[in-house]
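Take the position in the sequence shown, starting the count at 1, then add 75; the result is the number in this note's numbering. Virtual Cβ for every residue (Gly too), placed ideally from N, Cα, C. All values derive from a computational prediction rather than experimental measurement. Everything on this sheet refers to the single structure shown next.
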Amino acid sequence: MIEIADAHFSEIRAHGERDYPFECCGLLIGRFENGRKIVSETYAISNAREEEAKRNRFLIRPEELMRGEKYARQKDLEVIGFYHSHPDDRAVPSKYDLDHAWPSYSYIVVAVEKGHAADLRSWEMEADRSRFIEEEIAPSSFGRGSG
Numbered sequence: 076m077i078e079i080a081d082a083h084f085s086e087i088r089a090h091g092e093r094d095y096p097f098e099c100c101g102l103l104i105g106r107f108e109n110g111r112k113i114v115s116e117t118y119a120i121s122n123a124r125e126e127e128a129k130r131n132r133f134l135i136r137p138e139e140l141m142r143g144e145k146y147a148r149q150k151d152l153e154v155i156g157f158y159h160s161h162p163d164d165r166a167v168p169s170k171y172d173l174d175h176a177w178p179s180y181s182y183i184v185v186a187v188e189k190g191h192a193a194d195l196r197s198w199e200m201e202a203d204r205s206r207f208i209e210e211e212i213a214p215s216s217f218g219r220g221s222g
């Protein structure tokens with residue numbers, strides 16, 4: 076289960092709309108606690124893919140991931156997941172997403188249809204890396220986003 080505040084949903088949706096027709100991406104920063112993931116901040120990252128590939132792929136450069144991890148550590152938090160958008164597609168991870176995901180993390184996908192954010196769902200990879208399973212989203216009042 077992932078706990079996330081409405082403000083974070085709004086930030087993720089806004090990021091998807093802002094970057095449309097390309098995929099947006101970012102980190103979910105918070106903490107793992109008793110089998111739950113609690114989001115305290117979102118951390119927007121610029122999609123580093125080449126221009127045309129940005130329409131259906133995202134890339135977080137290693138130095139950007141390290142910068143996000145350092146930011147989280149400074150706040151006594153950690154990276155607990157990732158988010159990205161699917162322009163004009165469903166909020167369901169692709170085979171490419173599965174091939175590049177890590178177990179234990181949450182993967183929030185927001186569908187952005189014709190420039191407007193729609194469905195938003197969270198996923199977690201099975202421990203054997205065979206597939207994603209949909210993760211329950213619970214409301215949280217904790218935290219704020221980074222914009």
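By the Cβ rule, the segment 151-164 counts as touching the segment 91-108, because three or more pairs are nearer than 8 Å. Straight through space, the alpha carbons of I120 and I208 are spaced by roughly 25 Å.
According to the DSSP secondary-structure assignment, P162 is paired through a beta bridge with V187. For the options V114, P214, L134 and L195, the alpha carbon positioned closest to that of A176 is the one of L134. When C-alpha distances from H159 are compared across R124, Y182, R111 and E139, the shortest belongs to Y182. For Y118, the enclosing beta strand (DSSP E) covers residues R111 to I120.
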